[in-house]
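Participant: For the sequence shown, my numbering assigns the number 117 to the initial residue and increments by one for each residue that follows. Ideal Cβ positions, reconstructed from N, Cα and C, are used throughout, including at glycine. Here it is: the structure, laid out below.
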Amino acid sequence: MIGKRSASTIDNAVDDNIATPTEEDRVPFLASSQASKASHFSLLLENLIMLETAFTDSDAVRLERDILVLLERLGALKLFHTFLSRALPVPTLVDLADAPNGLVEKPKNVVRSGKKEERRARRQRALEKANKAYGLVFHSKSNHKCHQQHEFGKSSNFRGRRIKVTMNEAEMSRGVKLVANLERIKVTLERETGQVASLSSWAEAAGISKMVLQENLYFGWHCRDELLRSARSLVIYLARNYRGLGVAFEDIIQAGNFGVLEGAERFDHTRGYKFSTYVQYWIRKSMSTLMARHARGIRIPFTLSKAINQIQKARKALSSRHGKYPGDGEIAKLTGLSLAKITSAGKCLRVVGSVDQKVGHFTNAKFSELIPDTSIKSPEEAVLRQHMMKDIYDLLKGLDPRERQVLVLRFGLEDHQRKSLEDIGRLFGVSKEWIRKIERAALRKLRDEETLRNLNPYLYK
117 MIGKRSASTI
127 DNAVDDNIAT
137 PTEEDRVPFL
147 ASSQASKASH
157 FSLLLENLIM
167 LETAFTDSDA
177 VRLERDILVL
187 LERLGALKLF
197 HTFLSRALPV
207 PTLVDLADAP
217 NGLVEKPKNV
227 VRSGKKEERR
237 ARRQRALEKA
247 NKAYGLVFHS
257 KSNHKCHQQH
267 EFGKSSNFRG
277 RRIKVTMNEA
287 EMSRGVKLVA
297 NLERIKVTLE
307 RETGQVASLS
317 SWAEAAGISK
327 MVLQENLYFG
337 WHCRDELLRS
347 ARSLVIYLAR
357 NYRGLGVAFE
367 DIIQAGNFGV
377 LEGAERFDHT
387 RGYKFSTYVQ
397 YWIRKSMSTL
407 MARHARGIRI
417 PFTLSKAINQ
427 IQKARKALSS
437 RHGKYPGDGE
447 IAKLTGLSLA
457 KITSAGKCLR
467 VVGSVDQKVG
477 HFTNAKFSEL
487 IPDTSIKSPE
497 EAVLRQHMMK
507 DIYDLLKGLD
517 PRERQVLVLR
527 FGLEDHQRKS
537 LEDIGRLFGV
547 SKEWIRKIER
557 AALRKLRDEE
567 TLRNLNPYLY
577 K
């Protein structure tokens, strides 16, 4: 750069070189003056260009620093340096060593400035800070296209996997249906023959060869195991809703497995729905049936258990809506059940206790010690029954042998089991209508006044 000293030196040189012309030298002086003015203007122009370049470089450095600070705040410093590296290299500053020797004084000691290295280090630190604090905010178009291609590839791969899973489920259900049909044929064959069916007889009943039967059985058993293994997580997820209702969790899972096999036998893959969606109904149904049979001490029919669940849901909904305990009429109106059905369902909800429980907290007596056993007859009843049976046998002696035998078999006397008219007719080789006539004739003989008088004490006891 050229300072004030260099400028004053130039002015002095100009003043020394320009002398006052004389009269004699006016003509040659005009020519030399024009030449010197042209040289002076050219030197001044060169100095102005050098000064403008120096000041412009300092303003550019300051402006560049401000731009970098703003880019750092916006989190786009890394993107700026990426595009800057692709651009053309920044032209270097004007080297003052190329300036004319007469215009610039050569310094004796050259000191290298460290501002350039400081700026470079500051930019590097800002870049590292931006990389740590922020990610790359903007994405290029090429990256976006690659991302779209990747997403399309993922969707196509998922669609392909879904098709493979559907085909696999259809194949597995076909194997389960095949082995279920073969097992039904075996059960029917064993029921008809009364003995265990061999493999050859089983294949003959199924209408296939022995080798084909073995292949079908192995294929069906493999499909059954694979379906149970793949549906185990779904069974466990649904079994959690039935936990703590009186049945062991392992038994609930086993019931869910039976539901999976039943659903696989009825599954039709041509409908378009998934196997897991279809089989959920059969899993829940199998678990609900198990809970209805074994959750209570006294078994409740499945239809009544379903009505109980419906009543409980309706009572809960009405109580939360109105804030009071609903009556049977409101529940009947909401559920559509009759009042008699609701009353019987309410009786089934009673808790069944154990006879081994203690009567109270302050006594050791149990209910089993205080509840009478009605199955054991008292001594008086036993003696009275013996006398009654003796009198009845005495009355039967006055009947014909055929009539007496018919009444004994019909009413289960003499430790015989009661038989129907058809069974008795089969024993005698006659029709049931003939046995009915014999029974009526025998009872007509026993219904006289003397017989009734002898049996009255037993009738009114």
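When the Cα atoms are used, what is the spatial distance from E221 to R238?
Facilitator: Per-residue confidence for E221 stands at a pLDDT of 44, beneath the threshold of 50, marking its modelled position as unreliable; the derived number appears in the next sentence. Cα to Cα, the separation comes out at about 33 Å.
Participant: Is K463 helix, strand or coil when you go by DSSP?
Facilitator: Helix at K463.
Participant: In angstroms, rounded to a whole number, what distance separates the CA positions of R412 and N425?
Facilitator: So the two alpha carbons sit approximately 14 Å from each other.
Participant: So within the segment 306-389, which uninterrupted alpha helix (DSSP H) runs reach at least 4 residues, ignoring any that extend past its ends?
Facilitator: Qualifying alpha helix (DSSP H) stretches, in chain order: 315-322, 326-346, 348-355 and 365-382.
Participant: Report back the beta-carbon spacing between A242 and E180 to the nearest angstrom; my notes put them in contact at under 8 Å.
Facilitator: That pair is no contact at about 12 Å.
Participant: Enumerate in chain order the residues of its own chain whose CB-to-CB distance from E446 is below 7 Å, with the five nearest sequence positions on each side excluded.
Facilitator: Answer for E446: L434, listed in chain order.
Participant: By the 10 Å Cβ neighbour count, where 16 or more other Cβ atoms means buried, how is L540 classified, buried or exposed?
Facilitator: According to the sequence provided, residue 540 is Ile. The question's Leu does not apply to it. With 16 or more Cβ atoms within 10 Å of its Cβ, I540 is classed as buried.
Participant: Quick one: what does DSSP say K482 is sitting in, helix, strand or coil?
Facilitator: In this structure, K482 counts as strand in the three-state DSSP scheme.
Participant: Between the Cα of A558 and the Cα atoms of G545, R542, V524 and Q533, which residue gives the shortest distance?
Facilitator: For A558, the nearest C-alpha among the options comes from V524.
Participant: Could you name the residues that DSSP lists as bridge partners for K293?
Facilitator: Its beta-bridge partners do not exist; DSSP assigns none.
Participant: If you run the structure through DSSP and keep just helix, strand and coil, what is K493?
Facilitator: Here K493 sits in coil by DSSP.
Participant: Looking at L537 and K548, is the spacing between their C-beta atoms short of 8 Å?
Facilitator: Cβ atoms of K548 and L537: closer than 8 Å.
Participant: What is the C-beta distance between M403 and A371, in whole angstroms, given that I count them as a contact (C-beta under 8 Å)?
Facilitator: That pair is a contact at about 5 Å.
Participant: Does DSSP classify K513 as helix, strand or coil?
Facilitator: Correct three-state label for K513: coil.
Participant: Rounded to the nearest angstrom, how far is the Cβ of Y394 from that of G379, given a contact under 8 Å?
Facilitator: Indeed, because the Cβ distance is near 6 Å, the residues count as touching under 8 Å.
Participant: Restricting to Cα atoms, I'd like to know which of T490, K474 and S491 is closest to F483.
Facilitator: Of the listed residues, the one whose Cα sits closest to F483 is K474.
Participant: By a C-beta neighbour count over all protein chains shown, 10 Å radius and 16 as the cutoff for buried, is E285 buried or exposed?
Facilitator: When all chains shown are included, E285 counts as buried.
Participant: Apart from the five residues on each side of it in sequence, which residues of its chain come closer than 7 Å, Cβ to Cβ, to V351?
Facilitator: Hits under 7 Å: I369, G372, N373, V376 and I399.
Participant: Report the option in S325, E287 and K463 whose CA atom is closest to the CA atom of W337.
Facilitator: Among S325, E287 and K463, the Cα nearest to that of W337 belongs to E287.
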